[in-house]
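Chains as they are written, first to last, in this note's numbering: chain A, 1 to 223; chain B, 1001 to 1223.
Okay, structure first, notes after.
Protein chains: 2
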Amino acid sequence: MSEAQAPSARTRVVREAHRAVYDRETAYRILDEGFLCHVGFTADGQPFVIPTLYGRSDDNLLIHGSAASRMLKNMKEGLPVCLTVTLVDGFVLARSIFNQSMNYRSVVVLGKAMLVDDPAQKLEALQLLSEHIIPGRWADVRQPNERELKQTSVLRLPIEEFSCKVRTGPAIDDEEDYSFQTWAGVLPLEMKTGELIPDERLLQGQKIPEYMRNYSRKHQAEG
Amino acid sequence: MSEAQAPSARTRVVREAHRAVYDRETAYRILDEGFLCHVGFTADGQPFVIPTLYGRSDDNLLIHGSAASRMLKNMKEGLPVCLTVTLVDGFVLARSIFNQSMNYRSVVVLGKAMLVDDPAQKLEALQLLSEHIIPGRWADVRQPNERELKQTSVLRLPIEEFSCKVRTGPAIDDEEDYSFQTWAGVLPLEMKTGELIPDERLLQGQKIPEYMRNYSRKHQAEG
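Pasting the structure below:
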């Protein structure tokens, strides 16, 4: 991909520009496989980076939190944010330390997050967020009541200014290093699920729902 | 832990303050298990959040990158940064959507990153960073030459102003929701390693090193 395709000067990838990807399809595949983002905002000249769950709905990202949160308080005032999602795919062991690397896919979205104020839109946004994280769960839980809705802030960030970085494949060593006596290769890394732990106060007869049996973020991205 | 223990007003956890932990031991355990951080900095009023590898050495965090990187360029000028590390441990499925949650451990470190300029210190920092990510690897690779060292920037962030957030255990539902008919529990999530992929141009007789056979971040944190 040519650097000229960057949506803006500030989303143009400077470091290792050959790993930059600017197309929406790649970005959405990464965003759909992920569920945790790191949101950056500035308060009193100090940058803060906060981990939080997110959901994608069409060309928007949704995040939520308690109305008391420092991050959301600042966002309401329309501060610019940066939302970054990173999927780690593996360690790349090269023959030289300089060429050691990581396989990963990341998306950086810049913009202004807008508060979703309308109660109906807020409820819809919470449902979309929930379905992004655990598809099928929304229909199975007790829905939010008025008090809970008031305590929850939902923010929408339009996906307009963004860039991706993707590194895949084997180690790329300098030609003269291929004769260096060491092991080289890739150690794949992946976020995996463990055995489900049923709640101790589960009502009798409550079976594990189908959507939890085969939970996979990969499916999410392909679905 | 009481909120009064926060090292500073700006690292005091505002949202879900009962999950806040401010002791160094907890922070270091999280930092030692992790290897990927999200670094936030502000440029022209816009926050940026960039994923990068890091290492901990005593009371310092080390990050590196190409000298051309936008992030490091800004850091050299002494801009304040926020370095955040998040370990995801599981999805918490509650009976109400409002109490749905995530088990996780995160550390937020605020401060000014300082450029490690002295070549000997830079080399040492690169070794510490490498050993944080893959202990044992440094001795097995071709060490950096002068040209490569010049191309690499290393930054040191003292761990002074920091806070952690930790959520563990089962779903905590409102008492009246325990009679709600649905499955509840925890889906553990963990970063797992896959099968090692040897490089196609591996020299004959190169065996998988011991440190790659049983690679585990949990060991790192306990070691």
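Idealized CB from N, CA, C, for every residue including glycine.
Only a predicted model underlies this, so the values are computations on that prediction, with no experimental measurement involved.
Neighbours of A/ASP199 in chain B, taken as residues whose beta carbon is under 7 angstroms from its own, are PRO1170, ALA1171, ALA1184, GLY1185 in chain order. Inside the stretch 138 to 180 of chain A, DSSP marks whole beta strand (DSSP E) runs of 3 or more residues at positions 152 to 158, 161 to 167, from first to last along the chain.
The residue from A/PRO47, A/LEU129, A/MET191 with its alpha-carbon nearest to that of B/THR1084 is A/PRO47. Here B/PRO1080 carries a strand assignment [DSSP, helix/strand/coil]. Listed along the chain, the chain B residues whose CB falls inside 9 angstroms of the CB of A/ILE134 are PHE1091, LEU1093, GLN1100, LEU1187. A/ASP140 reaches chain B at THR1182, TRP1183, counting residues in chain order whose Cβ is nearer than 8 angstroms. Distance check between A/PHE91 and each of A/LEU128, A/ARG201, A/LEU189 places A/LEU189 closest, using alpha-carbon atoms only. In this structure, B/THR1026 sits away from B/VAL1108, with a CB-CB distance that is not shorter than 8 angstroms. Neighbours of B/PHE1162 in chain A, taken as residues whose beta carbon is under 7 angstroms from its own, are absent, since the nearest beta carbon is some 12 angstroms off. For A/PRO119 and B/GLN1121, the gap between their C-alpha atoms comes out near 56 angstroms.
Leaving aside the five residues that flank A/TYR211 on each side, the residues in its chain whose CB is nearer than 7 angstroms to its CB run, in chain order, ILE134, PRO135, GLY136, ARG137. For the options A/ARG142, A/TRP183, A/ASP177, the alpha carbon positioned closest to that of B/PHE1098 is the one of A/ARG142. Neighbourhood of A/PRO7 in chain B, by CB distance below 8 angstroms: empty, with the nearest CB roughly 14 angstroms away. In the three-state reduction of the DSSP assignment, B/ASN1214 falls in the coil class. Shown here for A/THR86: same chain residues with a beta carbon closer than 7 angstroms to its own, the five before and five after excluded, namely TYR104, SER106 in chain order. DSSP, read as helix, strand or coil, puts B/GLU1190 in strand.
Residue burial is scored here from C-beta neighbours: B/THR1042 has at least 16 other C-beta atoms within 10 angstroms and is therefore classed as buried. For the C-beta of A/LYS207, the chain B residues within less than 8 angstroms are, from N- to C-terminus, TRP1183. Residue pairing of A/ILE63 in beta bridges, as defined by DSSP: A/TYR54, A/LEU155. Here the C-alpha atom of B/SER1153 lies approximately 44 angstroms from the C-alpha atom of A/GLN151.
Close partners of B/PRO1047 in chain A (Cβ separation under 7 angstroms): GLY40, PHE41, THR42, PRO47, PRO80, VAL81, CYS82. Here B/SER1008 is exposed: its Cβ has fewer than 16 other Cβ atoms, across all protein chains shown, within 10 Å. Nearest C-alpha to B/SER1101 among B/THR1168, B/GLN1220, B/ASP1032, B/PRO1209: B/THR1168. Put simply, of B/LEU1157, B/ALA1006, B/SER1163, B/LEU1053 the residue whose alpha carbon is nearest the alpha carbon of B/HIS1132 is B/LEU1053. A residue is called buried when at least 16 other Cβ atoms come within 10 angstroms of its Cβ; B/SER1179 does not meet this threshold and is exposed. Listed as beta-bridge partners of A/HIS38 by DSSP are A/PRO51, A/THR84. Within 7 angstroms of the CB of B/TYR1215, the CB atoms of chain A belong to LEU187, in sequence order along the chain.
A/ASP44 and B/ILE1159 have their C-alpha atoms spaced approximately 20 angstroms apart.
For the options B/GLU1146, B/PRO1170, B/PHE1162, B/LEU1155, the alpha carbon positioned closest to that of B/ASP1089 is the one of B/PRO1170. For A/TYR178, the C-beta contacts it makes with chain B under 7 angstroms involve ARG1201, in order along the chain. Within the DSSP bridge table, the entry for A/ARG105 names A/LEU87, A/VAL166 as partners.
For A/THR182, same chain residues with a beta-carbon under 7 angstroms away, outside a window of 5 residues either side, are ARG95 in chain order.
Taking 8 angstroms as the cut-off, the Cβ atoms of B/LEU1155 and B/MET1114 count as close. The contact set of A/TYR104 on chain B, defined by CB atoms closer than 9 angstroms, consists of LEU1036, PRO1051 in chain order.
Taking the CA atoms as reference points, B/SER1163 sits about 11 angstroms from B/VAL1014. Under DSSP, no beta-bridge partner is assigned to A/LYS122.
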